[in-house]
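Heads up: the sequence shown begins at 385 in the working numbering, then just goes up one per residue.
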Amino acid sequence: MTKKFDNQAKYIKYKVLKEVIRSNKNGSLAKDILYIPEKIIPGPEAETRCCIYKERAIISDRIKNVIEDNKEHVVNVIDLACDECPLYRFSVTEACRGCLAHHCRENCPAGAIEIINKRAHINQDKCLECGRCAAVCPFEAISDVKRPCRTICKTGALSFDQETKKSVIDYSKCTNCGACVSRCPFGAIADKSHIMEIMKMLDESINNTKYKVYCIVAPAVAAQYPETEIENVVTAIKKLGFYEVVEAAVGADMVADYETKLLEKELKHKKFITSSCCPAFVSYIKIKYPELKDNISTAVSPMIATSRLIRSKDPEARIVFVGPCVAKKAEINQDNLKGEIQYTMSFEELTAFLDAYGINPVECEASTLDNVSYYARIFARAGGVTESIKNTISVQGLGFEFRPIICDGIEECDKALKMAKSGKLNGNFIEGMACRGGCVNGPVSMFKKHTGADLINSSADKAKGKHVRQTYVALDKENLNMEV
């Protein structure tokens, strides 16, 4: 199976994961940990840093991020890997012509522009970063440079330490969306890994005789391994030692049915309801628009719904969720959800896991899949939740007015929430996806493709169920608790 990565930073992350998993499998991690950095960075020339020794030191820190279980937070800065990107947003470039008008100086409200040797210079101690100088310069000679992590963070959780110049995360503002994880060009922000704990749990299950270990796989899996089918990927995951692999799409059918009932009830006394499937979107509301938190749907996510379905049959089950989402790693630690899911694993980690064990999904036989609907699988793309609810309303012949607003990415979510806050929302249901395109483009996907939605739709077309209610009723679990 051909590996494709969005960039070299993702590839390095994959190689670290693969080597750590392989060594742990062989029982030689304690010895190999000293040699993995040199294996990944053989030299003799450094690729991006001052020398191979710093590059290897960074690899060592990446290894620690994988194997150490003492991190309180899901998203963390690897200090040594942070390249201390430019601190000052605006600077004068060589394009400055030293003109007579000095529009930059005349429009600066802080008096931060100085003319030295006939050229403009910015006194960074005075600069307000308002951008007026850049806006009025006729030569466009003033550049606007922002740290990628700060640019991508829409809650202002990223800043930098004034002394070390390293990036710092304000966790009171962090939604754990993972955008900074995939955005940092140096791979200096990493998501917490549970891979060591997962391997230990599988090992201690004694081939699923002491307890059974289940894997819930997100619908976005259809876009991760385009060379093969979901049925083959399921078999590959089982070969890692999992007792059973269940599609989170099962829970998506349950959520769609329950969400529809909830909307019919809640919209009688509320102006609007938001979706609750995306934990980063839910966190964004609580952080940026706390006055709207009572409008968040109380339905659990498909991941939790699927977990509860499994536990209704096997109360002693151990469960691992696999998906493209960093925020899911935070969701399982919410006080009201602890114990529902033991660990989560990204598609990046799953791919490294399979490769370290020498398992190629393309070469695996097809497993029998769960009875899920077309609409359950399209939860993985923007608009999927809305389409599922529309289908449920139609099939059940419900009469309430459903006016959805589909928000593709956190910027669109913010616009809709602003309108809702001001009482000008032109709808009564906000479907919010923090990632542009939906879960299929999650930050810890193997790679992001413009064809991701097409792959999801293709997978959905192959689903056994043609509408939500058809598969949900078949589960015979209508009394399952679906509340957060």
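The beta-carbon is built from N, C-alpha and C at its ideal position, and this holds for glycine as well.
For leucine 839, collect the residues of the same chain with a Cβ closer than 7 Å to its Cβ; drop the 5 residues on either side in sequence, then sort them by chain order. Numbered from 1 along the sequence shown, position 455 holds the residue referred to as residue 839. Exclusion of the five residues before and after leucine 839 leaves Ala606, Ala607, Pro610 as the residues of its chain whose Cβ lies within less than 7 Å of its Cβ.
For alanine 620 and valine 824, believed in contact at Cβ under 8 Å, the rounded distance: Along the sequence shown, read from residue 1 onward, the residue named residue 824 stands at position 440. Along the sequence shown, read from residue 1 onward, the residue named residue 620 stands at position 236. Contact between valine 824 and alanine 620 is ruled out by a C-beta separation of about 20 Å, above the 8 Å threshold.
Using DSSP bridges, identify the partner residues of cysteine 599. Your numbering for residue 599 matches position 215 in the sequence shown. Partner residues in the beta bridge of cysteine 599, as assigned by DSSP, are Val629, Val704.
Beta-bridge pairing of asparagine 825 - partner residues as DSSP gives them: Residue 825 sits at position 441 when you count from the first residue of the sequence shown. None, per the DSSP bridge assignment.
Would you tell me roughly how many angstroms separate the C-alpha atoms of alanine 633 and isoleucine 526, rounded to the nearest one? Your numbering for residue 633 matches position 249 in the sequence shown. Your numbering for residue 526 matches position 142 in the sequence shown. The alpha-carbon atoms of alanine 633 and isoleucine 526 are separated by roughly 50 Å.
Using a Cβ-Cβ cut-off of 8 Å (strictly less than) and excluding sequence neighbours within five positions of glutamate 429, which residues of its own chain qualify? For this step, residue 429 is matched to residue 45 along the sequence shown. Excluding the 5 residues flanking it on each side, glutamate 429 has same chain C-beta neighbours closer than 8 Å at Ile436, in chain order.
Which listed residue (Arg531, Pro745, Ile536, Ile794) has its alpha carbon closest to that of lysine 623: The residue given as residue 623 occupies position 239 in the sequence shown. The shortest Cα separation from lysine 623 among Arg531, Pro745, Ile536, Ile794 belongs to Pro745.
Euclidean distance between Cα positions of glutamate 650 and valine 684: Position 266 of the sequence shown, counting from 1, holds the residue named residue 650. Position 300 of the sequence shown, counting from 1, holds the residue named residue 684. Straight-line spacing of the CA atoms in glutamate 650 and valine 684 works out to 16 Å.
Per-residue burial, tyrosine 759 [other beta carbons within 10 Å of its own, 16 or more giving buried]: Reading the sequence shown from its first residue, position 375 is the one you call residue 759. Buried is the call here.
Just to confirm before moving on: does the CB-CB distance between alanine 541 and asparagine 460 stay below 7 Å? Within the sequence shown, numbered from 1, the residue matching residue 541 stands at position 157. Within the sequence shown, numbered from 1, the residue matching residue 460 stands at position 76. No, the pair does not count as a contact, with Cβ atoms beyond the cut-off.
Please report how far the alpha carbon of serine 412 lies from the alpha carbon of valine 458, in whole angstroms. Looking up residue 412 in the sequence shown gives position 28. Looking up residue 458 in the sequence shown gives position 74. Pairing serine 412 with valine 458, the inter-Cα distance amounts to about 27 Å.
Mind checking which residues open and close the beta strand (DSSP E) that includes threonine 728? Sequence index remark: in the sequence shown, residue 728 carries index 344 (1-based). For threonine 728, the enclosing beta strand (DSSP E) stretches over residues 727–730.
Skipping 5 residues on each side, what residues in its chain have a beta carbon closer than 7 Å to that of cysteine 521? Position 137 of the sequence shown holds residue 521. For cysteine 521, where only same-chain residues beyond five positions count, the Cβ hits under 7 Å are His487, Cys488.
Excluding five sequence neighbours on each side, which residues of the same chain lie with their C-beta closer than 6 Å to the C-beta of arginine 534? Mapped onto the sequence shown, residue 534 falls at position 150. Excluding sequence neighbours, arginine 534 sits near Leu542.
Alpha carbon of valine 552 to alpha carbon of glutamine 546, nearest angstrom: By 1-based counting over the sequence shown, the position of residue 552 is 168. By 1-based counting over the sequence shown, the position of residue 546 is 162. Per the coordinates, the alpha-carbon of valine 552 lies some 10 Å from the alpha-carbon of glutamine 546.
Count the C-beta pairs between the stretch 793–801 and the stretch 577–596 that are closer than 8 Å, then say yes if the count reaches three, no if not. With a cut-off of 8 Å, the stretch 577–596 and the stretch 793–801 do not count as touching, because too few Cβ pairs lie within range.
When the Cα atoms are used, what is the spatial distance from aspartate 739 to proline 827? One-based indexing of the sequence shown puts residue 739 at position 355. One-based indexing of the sequence shown puts residue 827 at position 443. Distance between the alpha carbons of aspartate 739 and proline 827 is about 20 Å.
Starting from the Cα of threonine 477, find the closest Cα among Ile688, Ala485, Cys517, Glu456 and give me that residue. Sequence index remark: in the sequence shown, residue 477 carries index 93 (1-based). Answer by Cα proximity: Cys517.
Touch check for the stretch 420–429 and the stretch 440–449: three-plus C-beta pairs under 8 Å? A contact exists between the stretch 420–429 and the stretch 440–449.
Boundaries of the beta strand (DSSP E) in which alanine 574 is found, first to last residue: Taking the sequence shown and counting its residues from 1, one reaches residue 574 at position 190. Here the beta strand (DSSP E) through alanine 574 covers 573–575.
Cβ atoms of arginine 765 and alanine 844: under 7 Å apart, would you say? For the purposes of this step, residue 844 is taken as the residue at position 460 of the sequence shown. For the purposes of this step, residue 765 is taken as the residue at position 381 of the sequence shown. Not in contact: alanine 844 and arginine 765 (Cβ atoms no closer than 7 Å).
DSSP bridge partner residues for phenylalanine 831 (one or two, in chain order): Position 447 of the sequence shown, counted from the start, is the residue given in the question as residue 831. DSSP output for phenylalanine 831 lists no bridge partner at all.
Roughly how many angstroms lie between the CA atoms of leucine 456 and glycine 495, to the nearest whole one? Position 72 of the sequence shown, counting from 1, holds the residue named residue 456. Position 111 of the sequence shown, counting from 1, holds the residue named residue 495. Reading off the sequence shown, one finds glutamate at residue 456, where the question assumed leucine. For glutamate 456 and glycine 495, the distance between alpha carbons rounds to 44 Å.
Measuring from the CB of isoleucine 497, is there a heavy atom of the ligand SAM at a distance below 6 Å? With respect to the ligand SAM, the structure shown offers nothing to examine, as it has no ligands at all.
Report the start-end ranges of each beta strand (DSSP E) in the stretch 726–771 that is 3 residues or longer and not cut off at the edges. Counting only runs of 3 or more, we get 727–730.
Residue range of the unbroken alpha helix (DSSP H) whose run includes valine 665: Taking the first residue of the sequence shown as position 1, residue 665 is located at position 281. The question names valine, but residue 665 is phenylalanine in the sequence shown. Unbroken alpha helix (DSSP H) run through phenylalanine 665: 663–672.
Please say whether glycine 822 and phenylalanine 665 have beta carbons closer to each other than 7 Å? Here residue 665 refers to the residue found at position 281 of the sequence shown. Here residue 822 refers to the residue found at position 438 of the sequence shown. Against a cut-off of 7 Å, the Cβ pair of glycine 822 and phenylalanine 665 comes out as no contact.
To the nearest angstrom, how far is it from the Cα of lysine 774 to the Cα of leucine 782? By one-based count along the sequence shown, residue 774 stands at place 390. By one-based count along the sequence shown, residue 782 stands at place 398. Distance from the CA atom of lysine 774 to the CA atom of leucine 782, rounded to whole angstroms, is 10 Å.
When we look at the beta-carbon of threonine 835 and count the other beta-carbons within 10 Å, is it buried (16 or more) or exposed? Walking along the sequence shown from the start, residue 835 turns up at place 451. Threonine 835 counts as exposed, since fewer than 16 other C-beta atoms from the protein chains shown sit within 10 angstroms of its C-beta.
Cα-Cα separation, arginine 481 to glutamate 498: Here residue 481 refers to the residue found at position 97 when the sequence shown is read from its first residue. Here residue 498 refers to the residue found at position 114 when the sequence shown is read from its first residue. One C-alpha to the other measures close to 14 Å.
Reference tyrosine 627; option with closest CA among Asn591, Asp528, Asn449, Phe784: On the sequence shown, residue 627 is found 243 positions in, with the first residue counted as 1. Nearest in C-alpha terms to tyrosine 627, of all of Asn591, Asp528, Asn449, Phe784, is Asn591.
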